[in-house]
Every structure is written in structure tokens, then in C-alpha cells.
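Here is the structure we will look at.
2 protein chains.
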Amino acid sequence: MKTVTIIGLGLIGGSFALGLKRTGLAEKIIGVDTNPEHCQEALALGIVDEIKELKPAVLQSDLVILAIPINAAQVVLPQILDYIPLETYVMDMGSTKAGICAVVKNHPNRKNFVATHPIAGTENSGPKAAFAELFLNKVSIICDAHLSSEKAVNLVRKIYQNLWTNVITMSAEAHDEHIAYVSHLSHITSFALGQTVLEIEKDEKNIFDMAGSGFESTVRLAKSSPAMWTPIFIQNRENLLKAIDTYEKQIQKMREMIENSEAENIYEYLSQVNDIRRILNK
Amino acid sequence: MKTVTIIGLGLIGGSFALGLKRTGLAEKIIGVDTNPEHCQEALALGIVDEIKELKPAVLQSDLVILAIPINAAQVVLPQILDYIPLETYVMDMGSTKAGICAVVKNHPNRKNFVATHPIAGTENSGPKAAFAELFLNKVSIICDAHLSSEKAVNLVRKIYQNLWTNVITMSAEAHDEHIAYVSHLSHITSFALGQTVLEIEKDEKNIFDMAGSGFESTVRLAKSSPAMWTPIFIQNRENLLKAIDTYEKQIQKMREMIENSEAENIYEYLSQVNDIRRILNK
Chain A
1 MKTVTIIGLG LIGGSFALGL KRTGLAEKII GVDTNPEHCQ EALALGIVDE IKELKPAVLQ
61 SDLVILAIPI NAAQVVLPQI LDYIPLETYV MDMGSTKAGI CAVVKNHPNR KNFVATHPIA
121 GTENSGPKAA FAELFLNKVS IICDAHLSSE KAVNLVRKIY QNLWTNVITM SAEAHDEHIA
181 YVSHLSHITS FALGQTVLEI EKDEKNIFDM AGSGFESTVR LAKSSPAMWT PIFIQNRENL
241 LKAIDTYEKQ IQKMREMIEN SEAENIYEYL SQVNDIRRIL NK
Chain B
1 MKTVTIIGLG LIGGSFALGL KRTGLAEKII GVDTNPEHCQ EALALGIVDE IKELKPAVLQ
61 SDLVILAIPI NAAQVVLPQI LDYIPLETYV MDMGSTKAGI CAVVKNHPNR KNFVATHPIA
121 GTENSGPKAA FAELFLNKVS IICDAHLSSE KAVNLVRKIY QNLWTNVITM SAEAHDEHIA
181 YVSHLSHITS FALGQTVLEI EKDEKNIFDM AGSGFESTVR LAKSSPAMWT PIFIQNRENL
241 LKAIDTYEKQ IQKMREMIEN SEAENIYEYL SQVNDIRRIL NK
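In C-alpha cells, the structure reads:
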């Protein structure tokens, strides 16, 4: 590709840009971001070659990448498709997929769009958090691929492949349902744990001196960006509420066993959950 | 010290033995473990120099370290104190402190015992999981230090210092109350999250293909040893139930905001919890 535009120069967009540079897949990368500070940082860090306004950037690009919060992406995507050149493709990287697919469902240029979700990230945000290796050995999901042109899907596949990212495909609805459990729910549990301990700390100073690596690992996602996660929680509300309710039942089950000192049942329960080790290692 | 006995040759005891060897603090380390396989492994890995029965090991030691599940430690500690030589000290390393302090409260040799809890560990267990650096830059808590002889406390302090572990002191009750929030609760949330996703997986195959590093970090503690954690949950029941209830309220608060699509409130909530970043980095 000659020219690629990245909209949103944070952790995800910035890392994708650095990855494209490393693999030599893009000759020139244009950055678009409403935050002037992020634009300056992205230039200074060599993440992008130049900064442009949205429309002129899109008009001269072979590929446009949306790496902004999902609520913003749903506003910008239909606008881009309105004037997108015939052979230019646009992909998003958001954490929910049904919403964005719905807003362009009947757009005449729907086939120029590829809905994707790379399961990659850290708890950090902004251009300074970006690094080329973010997508290495991760999984990316392409949703509703049949609604995109074959050329567009092949291009996106080739890019992910070059970034060493494994691609799987599914419907937008299946994606949102499953991701509620293996990503969105763990953000909820981390935020709730973080807030629980922060509130206790008001009365019990220095409690964090006692926090070890276990707590740190469990609460890590509570550092995540509110701008990114607020719209995700709301958009995937229906699936997420189901996941939270299922989770609540497990918390209640453990609570009850502990309250009644059911040693054997607790042991049995923990042993069963240990099976997560096998599954994560596979 | 000439001779040290380690009772329990798993992750904690094994790592402590390796640390003592590395710092040259112990000339000889005797291992005691009811699991013959662990004894063989500990010998083969150079964690201990010999394996002995409990009593003869204690009788020839300068220091005895209890690194077994807390329910077992509470049975063994009073027995050891019954025949412990005058100048031999015993320390435990369990995750709850009120229980073990209570069982030896009136023992005539109480002063030979130092109650400690190193906030260090991984999700792995057994001698093969042990490594000398486990305690490096971690925090260890000595509880009810005034009930131990000064000589005993100074010895334990010196050892932790040599392992590069920072020591803080507090009462056994305060320890158990605080640790419920910053350690035991995060094990509950991890186990519940693990079980939630394992149950969903029964119907939705391949859901774990979509799990990223965020899920893995949040669920890591669900790999922890049931033998170690069952008695911890039960012994710290009272504090832990309070912590679970506080946590439940946070989950419910998030659930409600999500159900009502309260974007501003969610954003505000997540931003507040981001403060955990400042606290963990301090």
C-alpha cells in the first residue's frame, strides 16, 4: 500500500501504525486525531509521517483504520463511506461489533468496510503507550466478512498475517456475546475490585502496602481508559448484563460455601476452576 | 545459622530455602514434607540438603519454618513448641494470622514463635515452582511481635532483610482484616470469573480463542492451590464475607449504571477507579 490513514493515535492505532512500518506494508502513514497533543506526540515518536484533516487524508489513502472509541467510530464511519474512493478500504478495531455493523448495514459502500477486533491491548493509553509488537501472536476477529468485498477482506487478512496475528471469523452478534465473557466482564470485575479497595483505604491507611502481585494482576484492567470503556459497556449492555448475572451467581455460591465453612465443597469448587490452567495454556 | 528446617517444600517453603542458600544464611537445610514425591524433588532440585522426620529435624535446628497450609500449621505448631529447644525459633508464613496466634496464645514457649506473612507467591505450587528470587522487593508482615522474644524477631527480621524483603508489623487481627481486601478477595473474584467462563464454554466452544491478556491477568489467581486456599477462605471467613459484600455492592452499582446506560456516571466511576494506578505505583 502506498498510503494508510490511522484515525486515533492512541495505544491501538499507534501500535498498528508502528507494526505497519516495521513490516514495510505502508509507504506513508497519515495520522488523524482530534487531540493536538496526541498528534504532536505521534509525529515526534515516528508513529505517523504526517497529520491531516479527516477527509483529505481518506481521499488519498489505500486503507483507512478506525482506532477511536466505538461511539465515535459509529459517527465517523458512515461519513467516511459517503466519500470513500472506490478502491479504498476502511477497517475498525473496536471491542463491540454489532453496533458499528448496524450503522452501515444499508450504506451503498458497506463492502468497502471490514469490521475487525484485535484482542490485544494493555491498561495504558495514548501514543506513548504504543509499541510495534502489540499484535504479535494475538487473535483478531473479522466479523460479518460476507458483507465486505473479497478484496477488502483479503487486504485486512494479509495485514494481520504480517503482524503475526491469527485471524478468526464470526458474526458480529456471536462476537459481542462471547467477548462479554472473556473481555468485558473481566474489566467489570477489575473496576469493582479497585473501587472496593480504594473505598476501604479511606479508613484504613497504608492498606496498599500489603497488596502483592496477585492483587496487582487482578486489578490491572482497572487502569483502563474510561473514554474507551464507557461506550463498550453501554453498547454491549445486553450481553454484559447476562455475563454479570452469571458471575454474580458464582460469587454468591462461593460466599455461601464460605459462610457455612463447607471445606469439602470449596476445595471441590477451586479444583474445578483450576481447569482454567489447561484452557489458557492450550 | 547452622541448621534450618523447612516444613512444607512447596512454592513458598522451597523458595525460602533457595533464598537462604543464596544469601549464605544457613549452612544446612533440612526438609520435612508428608509428600514423598515433593521430598524427592526438593532433594533433586537442591532445595534441601536432607529429608528428616519432623521431631529430629526440629531438635537439631536453629530455626524452623512452617510453610504448609494454615490448617496444618495450626496443628503442627503447638506440637513443635512442646519440645522446641530453648534457643530454637519457629516462624510460620501463612496467609491468615489470628488463627495460628490463637492456638499458641497460652503456650509456655509462645515467645519462640514469630508469626509472619510474606506477601509473595505465584499461581503455581510444588517444589518445581520454587525460585530464590520470590521474596525480592516484596513486603512481609510480622504480627504480634511483642509476643515473641526480641531475639526471635530480630532473627526473622534479619533473614527477610537479607532476602530483600521489607518488613512491616501489625496485630494479627489488623492483618487478617486488611489482607481480606488486598489478597483474599482478589482470589475470590478470580475463581468466580474462571468458573463463569468455564460454564459458558460448555455451550460455546472455542470461546477461549477470544481470551486476551486482560482476561488471563484477571483470572490468573484461579490457578491457585485449593489445598492452600480452602482453609484461608474459611479461617478468614468473617473479614472475607465483609469484603465480598462490599465488592458485591460495587458490582451491583456498575450493573445498574450499565442497565440504565448512564454514560456520564460510568465515565465518572471508571475515572475514579483509575486512581488505583497512582496507588499501585507508589
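Chains as they are written, first to last, in the UniProt record's numbering: chain A, 1 to 282; chain B, 1 to 282. Glycine included, each C-beta is placed from N, C-alpha and C at the ideal position.
Residue i and residue j closer than 9 Å at C-beta
i	j	result
Ser-95(B)	Ile-232(B)	yes
Gln-74(B)	Val-103(B)	yes
Val-139(B)	Leu-198(A)	no
Leu-280(A)	Glu-259(B)	no
Ala-152(B)	Tyr-89(B)	yes
Ala-227(B)	His-175(B)	no
Val-32(B)	Gly-10(B)	no
Ile-70(B)	Met-210(A)	no
Ser-261(A)	Arg-237(B)	yes
residue 291(B)	Ile-168(B)	With chain B covering only 1 through 282, there is no way to say anything about residue 291(B).
Asp-92(A)	Ile-65(A)	yes
Pro-78(B)	His-107(B)	yes
Gln-250(A)	Gln-195(B)	yes
Ser-213(B)	Gly-212(A)	no
Glu-248(A)	Glu-256(B)	no
Thr-246(B)	Ile-200(A)	yes
Ile-142(A)	Arg-157(A)	yes
Ala-132(B)	Met-254(A)	no
Thr-34(A)	Tyr-267(B)	no
His-178(B)	Glu-204(A)	yes
Residue i: contacting residues in chain B (beta-carbon distance under 8 Å)
i	result
Val-273(A)	Phe-191, Gly-194, Gln-195, Leu-198 and Ala-222
Phe-208(A)	Val-182, Ile-279, Leu-280 and Lys-282
Glu-133(A)	Residues of chain B passing the Cβ test: none, with the nearest at roughly 12 Å.
Arg-110(A)	The contacting residues do not exist; Arg-110(A) stays about 24 Å from chain B at best.
Sequence-distant residues of its chain with Cβ nearer than 7 Å to residue i (five each side left out)
i	result
Thr-23(B)	Asn-162 and Leu-163
Ala-224(B)	The amino acid at residue 224(B) is misidentified as Ala; the sequence shows Ser. Excluding residues within five positions, the ones whose Cβ falls inside 7 Å are Glu-123 and His-187.
Ile-100(B)	Ile-70, Ala-73, Gln-74, Leu-77, Asp-92, Gly-94 and Ala-115
Ile-51(A)	Gly-31, Cys-39 and Leu-43
Gln-235(B)	Ile-70, Thr-96 and Gly-99
Leu-155(A)	Leu-63 and Tyr-89
Leu-25(A)	Met-1, Ile-159 and Asn-162
Lys-55(B)	Tyr-83
8 Å Cβ shell around residue i - same chain, five flanking residues per side excluded
i	result
Leu-45(B)	Gly-14, Pro-127, Lys-128 and Ala-130
Asp-62(A)	Met-1, Lys-2, Thr-3, Val-4, Glu-87, Thr-88 and Tyr-89
Leu-240(B)	Ala-180, His-184, Leu-185, Ile-188 and Phe-233
Glu-53(A)	Val-32
Residue i: contacting residues in chain B (beta-carbon distance under 7 Å)
i	result
Ala-120(A)	Gly-212
Phe-215(A)	Val-182, Ser-183 and Ser-186
Tyr-247(A)	Ala-192, Leu-193 and Thr-196
Within chain B, the residues that residue i reaches when beta carbons sit closer than 9 Å
i	result
Met-254(A)	Ile-188, Phe-191, Ala-192, Gln-195, Phe-233 and Ile-244
Glu-204(A)	Ala-174, Glu-177, His-178 and Tyr-181
Arg-22(A)	Ordered by position in chain B, no residue passes the 9 Å Cβ test against Arg-22(A), which lies about 20 Å from the chain.
Sequence-distant residues of its chain with Cβ nearer than 6 Å to residue i (five each side left out)
i	result
Ser-190(A)	Val-219, Leu-221 and Ala-222
Ser-149(B)	Lys-111
Tyr-181(B)	Ala-243
Ser-125(A)	Gly-10, Leu-11 and Ser-225
Leu-136(A)	Trp-164
Ala-145(B)	Val-153 and Thr-169
Ala-57(A)	Thr-5, Ile-30 and Val-32
Lys-28(A)	Thr-3 and Asp-49
Cross-chain neighbours of residue i in chain A, by beta carbon under 7 Å
i	result
Thr-218(B)	Ser-186, Thr-189, Ser-190, Thr-218 and Leu-221
Trp-229(B)	Leu-270
Gln-250(B)	Ala-192, Gln-195 and Thr-196
Tyr-267(B)	Pro-226 and Thr-230
Within chain A, the residues that residue i reaches when beta carbons sit closer than 8 Å
i	result
Leu-240(B)	Ile-258
Ile-276(B)	Gly-194, Val-197, Leu-198, Val-219, Ala-222 and Lys-223
Ala-263(B)	Thr-230, Pro-231 and Ile-234
Which of the residues in the region 138–154 of chain A, read from start to end, lie with their CB under 8 Å from any CB of chain B?
So the list reads Lys-138, Val-139 and Ile-141, given in the order they occur along the chain.
In chain order, which beta strand (DSSP E) runs of at least 3 residues are fully inside the region 56–90 of chain A?
The qualifying runs are 63–66.
Which ranges would you report for the beta strand (DSSP E) in the region 230–260 of chain B if only whole runs of at least 3 residues count?
DSSP runs (the beta strand (DSSP E)) wholly in the region 230–260 of chain B: none.
Fully enclosed by the region 122–196 of chain A, which beta strand (DSSP E) runs are 3 residues long or longer?
Considered as a whole, the region 122–196 of chain A harbours 139–143 and 166–170 as its complete beta strand (DSSP E) runs of no fewer than 3 residues, in chain order.
With 7 Å as the C-beta to C-beta threshold (strictly closer), list the residues of the region 157–180 of chain B near chain A in chain order.
Those residues of the region 157–180 of chain B that come within reach of chain A (Cβ to Cβ, closer than 7 Å) are Ile-168, His-178 and Ile-179.
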